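Visitor: If you scroll down you'll find the structure; I have some questions about it.
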Ligand code: FO1
């Protein structure tokens with residue numbers, strides 16, 4: 002699987018439940034690291050941590066990110082010193098994760114080793130690996146009347162958390178073109194039986210993973226069947242800012258347009274199968290015409306059971322595709 006943050010994490014949790022009783026099944030999750038940010042000298046990896054905390058039972062389920070039973074004393078102390086940024090909240094428990102990560106990185110361990118070490122505490126039941134050990138950071142170009150050309154690029158977290166997703170002109174995964182896939186990334190894709198593209202953001206989660214040279218080609222050429230789940234239901238993202246960012250890359254905010262953007266593998270694209278929400282069943286026929294086996298099923302993962310049912314649908318479609 003490829004994965005961003007909350008949507009990906011909920012899907013993986015459902016997948017783990019759907020695979021209960023199948024001890025032969027091994028799941029590898031390739032996590033997006035382009036949301037990562039250095040703050041107060043600490044390396045913060047929101048998507049890796051969201052997956053780790055969600056599967057490990059340590060997530061704050063209301064927010065969908067950060068630790069359960071969190072306290073915010075360090076944040077309050079930093080604010081009392083007047084230190085910026087004050088718009089990004091690092092909780093006290095969460096900071097421990099960033100301290101361990103940053104200490105290990107400082108000692109020379111690559112992010113992939115650090116992630117493995119952090120995950121050892123949480124017993125995820127899946128293997129979580131970063132898309133790359135190299136630094137990649139999504140920057141978003143927005144309007145800024147104070148600049149000579151009227152524009153400015155900001156870090157993705159500033160775009161999303163501080164500015165609340167204003168209109169954007171471009172999304173740039175800075176560093177992606179020089180990044181190498183993390184250890185195990187290409188092998189996991191090549192050796193898989195089933196490859197899943199969950200309902201994560203196609204631009205700043207899945208798009209940035211695919212921007213690492215070699216990853217998209219590995220998906221195109223894997224002998225696995227590749228099944229994706231639409232992150233768009235009835236013209237809106239289930240959560241997040243995909244509606245703001247899809248138009249920036251010229252893609253309409255519909256389940257059909259996202260599938261066309263990924264493309265059918267039979268036509269040089271990335272997907273063999275695609276799930277749209279039951280309410281988007283009008284997208285099925287046009288996508289089948291494009292060579293994509295498409296089904297309309299309930300996509301909302303409002304609770305653990307619905308996440309399991311969605312994952313079971315993905316596995317069912319994958320089985321059908323594998324049988325040819
Ligand atoms: N999201 C917010 O809306 N506000 C925050 O202050 C915030 C802090 C934060 C700290 C650690 C972490 O792992 C995630 C955090 N997030 C916060 C979520 C994050 O900004 C995004 O939702 C993801 O990067 C998108 O996948």
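In our numbering, the protein residues as written are 2 to 325.
Built from N, CA and C at the ideal position, the CB exists for glycine as well.
Since this is a predicted model, take the numbers as computed values, not measurements.
For a test of your reading of the model: does the CB of residue 91 fall under 7 Å from any non-hydrogen atom of the ligand FO1? Yes or no.
Guide: Residue 91 sits at position 90 when you count from the first residue of the chain shown. Within the cutoff, so yes.
Visitor: Within this structure, are the beta carbons of residue 234 and residue 280 separated by less than 8 Å?
Guide: Start at 1 with the first residue of the chain shown, and residue 234 comes out as number 233. Start at 1 with the first residue of the chain shown, and residue 280 comes out as number 279. It is a contact, given that the beta carbons lie within the stated cut-off.
Visitor: What residue does the beta strand (DSSP E) around residue 131 start on, and which one ends it?
Guide: As a position in the chain shown, residue 131 is number 130, starting the count at 1. Counting along the chain, the beta strand (DSSP E) containing residue 131 begins and ends at 128-131.
Visitor: Can you tell me the Cα-Cα spacing of residue 35 and residue 9, whole angstroms?
Guide: Translated into positions along the chain shown, residue 35 becomes position 34. Translated into positions along the chain shown, residue 9 becomes position 8. Between residue 35 and residue 9, the C-alpha separation is close to 15 Å.
Visitor: Would DSSP call residue 145 helix, strand or coil?
Guide: Residue mapping note: residue 145 aligns to position 144 of the chain shown, counting from 1. Looking at residue 145 - three-state DSSP - the assignment turns out to be coil, as it is neither helix nor strand.
Visitor: With distances taken Cα to Cα, identify the nearest neighbour of residue 7 among 97, 165, 155, 207.
Guide: Within the chain shown, the letter at position 6 stands for residue 7. Nearest of 97, 165, 155, 207 to residue 7, Cα basis: 207.
Visitor: At what residues does the alpha helix (DSSP H) containing residue 105 begin and finish?
Guide: In the chain shown, counting from the first residue as 1, residue 105 sits at position 104. Residues 93-107.
Visitor: Less than 8 Å separating the beta-carbons of residue 59 and residue 69?
Guide: What you label residue 59 is simply residue 58 of the chain shown in a count that begins at 1. What you label residue 69 is simply residue 68 of the chain shown in a count that begins at 1. Yes, they are a contact pair.
Visitor: Pull up the CB-CB distance for residue 172 and residue 205, whole angstroms please, since I reckon it's below 8 Å.
Guide: If you number the chain shown from 1, residue 172 lands on position 171. If you number the chain shown from 1, residue 205 lands on position 204. So it is a contact: roughly 6 Å between Cβ atoms.
Visitor: With a threshold of 7 Å (Cβ to nearest heavy atom), would residue 51 be considered close to the ligand FO1?
Guide: Along the chain shown, one-based indexing puts residue 51 at 50. Under cutoff, so the answer is yes.
Visitor: Quick check: does the Cβ of residue 137 come within less than 7 Å of any heavy atom belonging to the ligand FO1?
Guide: By 1-based counting over the chain shown, the position of residue 137 is 136. It does not: the Cβ of residue 137 is nowhere closer than 7 Å to a heavy atom of the ligand FO1.
Visitor: Using 8 Å as the threshold, is the C-beta distance between residue 86 and residue 112 below it?
Guide: For the purposes of this step, residue 86 is taken as the residue at position 85 of the chain shown. For the purposes of this step, residue 112 is taken as the residue at position 111 of the chain shown. For residue 86 and residue 112, no; Cβs fall outside 8 Å.
Visitor: I need the straight-line Cα distance from residue 195 to residue 225, nearest angstrom please.
Guide: The residue given as residue 195 occupies position 194 in the chain shown. The residue given as residue 225 occupies position 224 in the chain shown. Each residue's Cα considered, the two are about 5 Å apart.
Visitor: Considering only the beta carbon of each residue, do residue 43 and residue 125 sit closer than 8 Å?
Guide: Indexing the chain shown from 1 puts residue 43 at position 42. Indexing the chain shown from 1 puts residue 125 at position 124. Their beta carbons are not under 8 Å apart, which means residue 43 does not touch residue 125 by this criterion.
Visitor: Please name the residue, chosen from 41, 244, 32, that lies closest to residue 51 on a Cα-to-Cα basis.
Guide: Position 50 of the chain shown, counted from the start, is the residue given in the question as residue 51. Out of 41, 244, 32, 32 has the C-alpha closest to the C-alpha of residue 51.
Visitor: In angstroms, rounded to a whole number, what distance separates the CA positions of residue 109 and residue 135?
Guide: If you number the chain shown from 1, residue 109 lands on position 108. If you number the chain shown from 1, residue 135 lands on position 134. The straight-line gap from Cα to Cα measures roughly 13 Å.
Visitor: Under a Cβ-count criterion, where at least 16 other Cβ atoms within 10 Å of its own Cβ denotes burial, should residue 140 be classed as buried or exposed?
Guide: Looking up residue 140 in the chain shown gives position 139. That one is buried.
Visitor: Please classify residue 170 as buried or exposed, where buried requires at least 16 other C-beta atoms within 10 Å of its C-beta.
Guide: In the chain shown, counting from the first residue as 1, residue 170 sits at position 169. That one is exposed.
Visitor: Kindly examine the ligand FO1 and report whether one of its heavy atoms sits closer than 7 Å to the Cβ of residue 6.
Guide: Start at 1 with the first residue of the chain shown, and residue 6 comes out as number 5. Yes, since a heavy atom of the ligand FO1 falls inside the 7 Å radius drawn around the Cβ of residue 6.
Visitor: Examine the ligand FO1 and report whether any of its heavy atoms sits within less than 7 Å of the Cβ of residue 158.
Guide: Position 157 of the chain shown, counting from 1, holds the residue named residue 158. Flag set: Cβ of residue 158 near the ligand FO1.
Visitor: Check whether the Cβ atoms of residue 15 and residue 308 sit closer than 8 Å, and answer yes or no.
Guide: Sequence index remark: in the chain shown, residue 15 carries index 14 (1-based). Sequence index remark: in the chain shown, residue 308 carries index 307 (1-based). Contact: yes.
Visitor: With C-beta atoms as the reference, is residue 166 less than 8 Å away from residue 245?
Guide: Here residue 166 refers to the residue found at position 165 of the chain shown. Here residue 245 refers to the residue found at position 244 of the chain shown. Pairing residue 166 with residue 245 gives a Cβ-Cβ distance under 8 Å.
Visitor: Which first and last residues belong to the alpha helix (DSSP H) in which residue 121 is found?
Guide: By 1-based counting over the chain shown, the position of residue 121 is 120. Counting along the chain, the alpha helix (DSSP H) containing residue 121 begins and ends at 112-123.
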